[in-house]
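Trainee: Numbering (our numbering), first residue to last: 32 to 156.
Please see the structure below; I have some questions.
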């Protein structure tokens, strides 16, 4: 009977030891899991912050792109107007040159006809 009592006590001690070890293991696993979860939470928060920052930067870049498109369009229009104005000025200059060439040609003809009818050394009166 003493042996049975000793065996029962040993079995109880063994059972208690197993439970303590299981409890310690569970606490350690829980503790490690908690640490991992906290780190994952911090990483997730950093990712959320970076995502928000990137969204804001994307929006800013979209606005800047739109502004640049509008500026480019404005500059194209301004350049087009200046080119049209230069074309008009060139056409006007061409007309003036043609008019001057025509008058010069008339003066040459007049000078040529005058010089052939007036003897050298005499003036036209």
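In this text, a Cβ means the ideal position worked out from N, Cα and C, and glycines have one as well.
These numbers come from a predicted model, not from an experiment.
(1) Nearest-angstrom Cα distance between residue 115 and residue 122?
(2) Helix, strand or coil for residue 114? Go by DSSP, reduced to three states.
(3) Check residue 32 in the structure and name its three-state DSSP category.
(4) Could you compute how far the alpha carbon of residue 157 sits from the alpha carbon of residue 77?
(5) Distance, Cα to Cα, residue 57 vs residue 65?
Mentor: The answer reads as follows:
(1) 10 Å
(2) helix
(3) coil
(4) Beyond the ends of the chain as shown, which are 32 and 156, falls residue 157; an answer cannot be given.
(5) 12 Å
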